[in-house]
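Residue numbers (the numbering used here): 205 to 352. The beta-carbon is built from N, C-alpha and C at its ideal position, and this holds for glycine as well. If you're wondering where the values come from, they're calculated on a predicted model, not measured in any experiment. Scroll down for the structure; my scribbles are underneath it.
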């Protein structure tokens, strides 16, 4: 529903990224995925929103990797934004010498997030290749006609 998506996008409050309501709306396909994807990516890259981060992490774990109700391609922008934010956080954490407990925790979280993105990428690549038609080898019988 485009009106619901437009209303959601217009909300200027961190609560618009509340995990359970947004997940339910996405699973029911009541929000347009491209708009949600780009909004989450912007919130991660520009706003550094903690609520958006938590939502992207949850959607990636629950909907993409566990339940397969959403695909990597549908959330690619926000998943890739998660990767960029995680790489930056990792670099920042590694720059602190000597490491503190906080930087060590931030480094572990960043690496965990990067691993999650890699899993989603692999699943996305697997779903693309599994949907490709089988290659036809010239000179091989295809089951149709004479096979040449």
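Distances from the alpha-carbon of residue 255 to those of 215, 227 and 219 put 219 closest. Boundaries of the alpha helix (DSSP H) harbouring residue 209: 206-214, taken from the DSSP string. Each residue's CA atom was taken as its position, placing residue 237 and residue 302 some 43 angstroms apart.
In the three-state DSSP reduction, residue 271 falls in the coil class, being neither helix nor strand. Rounded to the nearest whole angstrom, the C-alpha separation of residue 275 and residue 323 is 12 angstroms.
For the pair of segments examined, the region 292-312 was found not to touch the region 244-259: the number of CB pairs separated by less than 8 angstroms stays below three. About 11 angstroms separates the beta carbon of residue 289 from that of residue 261, a gap too long to meet the 8 angstroms contact definition. Burial state of residue 283 is buried, judged by a 10 Å Cβ sphere holding 16 or more other Cβ atoms. Annotation for residue 288: the continuous alpha helix (DSSP H) segment containing it runs 280-299. Residue 240 holds the alpha-carbon nearest to the alpha-carbon of residue 278 among 217, 286, 292 and 240. For residue 228, the closest C-alpha among the options 207, 243, 266 and 242 is that of 266. Listed in chain order, the non-local C-beta contacts of residue 312 below 6 angstroms within the same chain number zero, local neighbours out to five positions each way being set aside.
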